[in-house]
Amino acid sequence: MRACLFVRSGAPAGRCGYPPPAMPTRLTTDPDRAARALAAGRLVAFPTETVYGLGADAESARAVARVFAAKGRPADHPLIVHGADAGVLERYGRDAPGVARTLADALWPGPLTLLVRRGPGVDPAATGGRDTVGLRVPAHPLALAMLARFGRGVAAPSANRFGRTSPTTAAHVEDDLGDAVDVVLDGGPSAVGVESTILDLTGPAPVLLRSGGVPLEALRELVGADVRRGEGGPARAPGMLEAHYAPRARVEVHADAAAAARAAAAHAARGARVAVLGHVPDVPGTVTLRPADGAAGYARDLYRMLREADRRGADVVVAVPPPPAGLGLAVADRLRRAAAAG
Ligand code: TXA
Ligand code: MG
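Here's what the structure looks like:
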């Protein structure tokens, strides 16, 4: 008789448990498996260059409803529809202006979401009943392979619970959503680290609704200087709540390293557990979390550091944002919103 290498626990005495039972795991690196799950109406968390998304078939009201339920997201907060190529503009949009094609050609795949009129192809539930739709082609090889294989649009918000910090690794998704997701496609840490830039193209001139992975300077170069900033204005995206993107710890934003160091020392002196975020010299009695160099390094590390602060049980995060140029604009915006949540 063959030697038994694996004894399955609970197997009848003397019975060999080989081969071992397949481990039912939702974690995979196989984009085809992710695409099959989407086709079956399931929820798939997938990597993008910005943050991980929680995706469902954009043409299925039932699948889309599961996204809102899993996230605890209000039903009137629209989702971005992701596609494998710029064909999404015709398939899910309507009357997209010429500038949409210009931007798509220059920046897709990439961290830019274009807001255009909604076409009949996308389920209204995905856009929270709005007659506009946010479209994006993400720059991640596994996401693109999954989308190409699936062949339809994938409606996806960031794969965190509503109001929390966006996930930039598969482990973050597991921590936040666990069993609420059917498949997690693991594509490693997100390279950009903050969400896509959202540009509204439904009005007479483009309006920036959310700063993100494509810097405002790059947009202005492509479409001229008439990109208005509307992040805080009346045209802002629903769901761009002031109190958003927040860790459990209270967040404070300081203008420079000296002010942050003073505040951190004062918090520590009264017994608070303090995490200092940014390029700040060590403050005794506090933990310093330093991002990689430059605004892009800060963006990439931002959400990981906020989660790290929570993991270490920080009561207060004292942060110094990078200068507000390039990706620094998005980092400063997220820190300001995180601070507003406290
Ligand atoms: O980088 C990203 O954009 C990531 C990845 C997964 O693609 N997605 C993401 O989705 O950040 P979410 O749902 O967390 O944020 C999308 C924002 C929300 O504030 C939503 O209100 C806004 O985009 N949005 C989406 N469609 C919209 C629409 N039709 N009109 C106005 N705002 C819209
Ligand atoms: Mg989000």
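Counting in numbering that gives the first Met the number 0, the sequence shown runs from 0 upward without gaps. The beta-carbon is built from N, C-alpha and C at its ideal position, and this holds for glycine as well.
Check: Closest residue to A105 among R219, T126 and E89 (Cα-Cα distance); Outcome: R219
Check: Cα-Cα separation, R247 to V182; Outcome: 26 Å
Check: T101 (DSSP reduced to helix, strand or coil); Outcome: helix
Check: Residue environment, G92, which counts as buried when at least 16 other CB atoms sit within 10 Å; Outcome: buried
Check: Neighbour-count burial assignment, T101, 16 or more Cβ in a 10 Å radius; Outcome: exposed
Check: D309, enclosing alpha helix (DSSP H) - first and last residue; Outcome: G293 to R310
Check: Identity of the residue in P119, L111 and P140 nearest T131 by Cα; Outcome: P119
Check: Contact under 9 Å by Cβ, A294 with G325; Outcome: yes
Check: A34 - containing alpha helix (DSSP H), residue span; Outcome: P30 to A38
Check: Proximity of D300 and G192 at Cβ, strictly below 9 Å; Outcome: yes
Check: Counted within 10 angstroms of its Cβ, other Cβ atoms place R135 as buried (16 or more) or exposed; Outcome: buried
Check: Ordered list of beta strand (DSSP E) runs contained in the stretch 248-276, each at least 3 residues; Outcome: 249-252 and 273-276
Check: Near ligand 1: Y51 beta-carbon under 8 Å from a heavy atom; Outcome: yes
Check: Distance cut-off 8 Å: S165 Cβ against heavy atoms of ligand 2; Outcome: yes
Check: CA-to-CA distance, G128 to A60, given in whole angstroms; Outcome: 11 Å
Check: P156 CB to nearest heavy atom of ligand 2 below 8 Å; Outcome: yes
Check: Length of the line joining the Cα atoms of D94 and P205; Outcome: 15 Å
Check: Under 9 Å between C-beta atoms of V330 and T167; Outcome: no
Check: Helix, strand or coil at F149 [DSSP, three-state]; Outcome: helix
Check: Touch test, the stretch 147-155 against the stretch 36-54, Cβ-Cβ under 8 Å, three pairs minimum; Outcome: yes
Check: Through-space distance from I79 to P108, alpha-carbon basis; Outcome: 14 Å
Check: Residues that DSSP places opposite D56 in a beta bridge; Outcome: V153
Check: Buried/exposed call for P203, threshold 16 Cβ in 10 Å; Outcome: exposed
Check: Distance between V250 and A339 (C-alpha atoms, nearest Å); Outcome: 8 Å
Check: Range covered by the beta strand (DSSP E) that runs through A318; Outcome: V315 to A318
Check: Outcome for P137 when other beta-carbon atoms lying within 10 angstroms are tallied against a minimum of 16; Outcome: buried
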